[in-house]
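In my numbering, the protein residues as written are 242 to 572. Built from N, CA and C at the ideal position, the CB exists for glycine as well.
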Ligand code: FES
């Protein structure tokens with residue numbers, strides 16, 4: 242299957258929704274709760290693979306993506322975990338304050354931009370930062386079933402903020418999971434550069450966590466072939482704070498219309514002003530909802546979703562700018 246088909250199919254799949262009932266809410270750590278979602282009629286749920294996530298519509302204004310953290314073999318439930326971030330955009334707070342057992346939430350089909358490598362992989366190294374542990378839990382279930390060698394470094398501020406400890410305790414005792422607490426000072430936590438300094442043939446590394454953690458991990462994988470490096474952001478990258486916006490133009494292939502994109506506005510914002518119905522979610526380059534094919538020009542990619550191959554054909558138009566004077570969009 243080509244990358245085109247895969248990414249477009251995943252985007253379409255994500256748009257189909259089902260109403261699921263919250264059957265259980267569990268406090269997993271300070272400010273972290275897990276939510277178990279089931280079909281109200283008790284039907285089996287669509288299957289998912291380790292690393293997949295759901296789009297959850299929390300209320301009329303708010304839709305968020307959450308990684309599935311239960312065993313992918315389970316078909317009777319989905320489990321997600323949510324960190325309550327009072328300084329965030331409101332989605333996590335709404336999950337914690339507005340959603341109760343019995344609530345019914347529209348939820349997308351699972352889709353996966355963070356899959357495990359195949360069975361040919363000889364070793365899987367997992368690096369989880371805080372709530373970034375959620376996709377790793379599904380991966381661990383799958384790797385245990387495959388009997389594939391793996392190890393996880395789980396980095397949190399302190400034990401009170403370390404979710405899923407009960408579930409992980411046997412794996413900690415077995416030496417498969419190592420905890421690292423930094424009390425808010427990364428210098429006291431895992432030495433990520435040292436951990437990733439050497440690559441061994443057949444090894445794959447996976448990382449997911451907050452921006453500083455992701456930045457440190459991405460800066461430390463120079464010895465690893467890109468094919469063996471897997472990561473997923475759940476917030477925008479902090480790598481683009483230095484980026485300077487300049488104006489450019491976009492052309493719509495189907496109509497020939499040309500629009501000016503000023504330095505202080507996104508492509509999505511300008512197209513909406515002109516009557517285009519563009520679906521978005523994060524509007525910050527990390528959810529993949531606004532993926533759009535381009536046909537000419539050179540985008541200045543600022544997302545954390547697209548791989549190098551995909552960037553030759555697609556742009557995330559909520560955040561992408563252009564290096565060329567004109568970008569032609571396949572709309
Ligand atoms: S809306 Fe999330 S990447 Fe564009």
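Check, Outcome
"Can you check whether the CB of residue 374 is closer than 9 Å to the CB of residue 263?", "no"
"Compare the beta carbon distance of residue 417 and residue 392 with 9 Å and say whether it is the shorter of the two.", "yes"
"With DSSP as the reference, label residue 333 as helix, strand or coil.", "helix"
"Please classify residue 532: is it buried, with 16 or more other beta-carbons within 10 angstroms of its beta-carbon, or exposed?", "buried"
"Using 8 Å for Cβ pairs, my map puts residue 317 next to residue 285. What's the rounded Cβ distance?", "7 Å"
"In terms of residues, what are the limits of the beta strand (DSSP E) holding residue 370?", "364 to 370"
"Opposite residue 465 in the DSSP bridges: which residues?", "The partner list for residue 465 (beta bridge, DSSP) is empty, contrary to what the question assumes."
"What's the gap between the Cα of residue 440 and the Cα of residue 463?", "9 Å"
"Cα-Cα, which of 397, 523, 413 and 448 is closest to residue 424?", "397"
"Which residues in the same chain have their Cβ closer than 6 Å to the Cβ of residue 564, if we skip the five residues on either side of it in sequence?", "539 and 541"
"Keeping to the same chain, check which residues put their C-beta closer than 6 Å to that of residue 469; ignore five residues upstream and five downstream.", "445"
"For the beta strand (DSSP E) containing residue 556, list its first residue and its last residue.", "555 to 557"
"Would you kindly work out how many angstroms separate the C-alpha atoms of residue 394 and residue 572, rounded to a whole number?", "43 Å"
"Looking at the structure shown, is residue 427 part of a helix, part of a strand, or coil, going by DSSP?", "helix"
"Which same chain residues end up closer than 6 Å to residue 447 when comparing Cβ atoms and leaving out the 5 residues on each side of it in sequence?", "367 and 471"
"Kindly provide the ranges of any beta strand (DSSP E) runs that are 3 or more residues long and lie completely inside the stretch 255 to 293, ordered along the chain.", "258 to 270 and 273 to 279"
"Who are the Cβ neighbours of residue 277 in its own chain at under 6 Å, not counting the five residues just before and after it?", "264, 265, 318 and 320"
"Which one of 453, 460 and 411 has the shortest CA to CA distance from residue 434?", "460"
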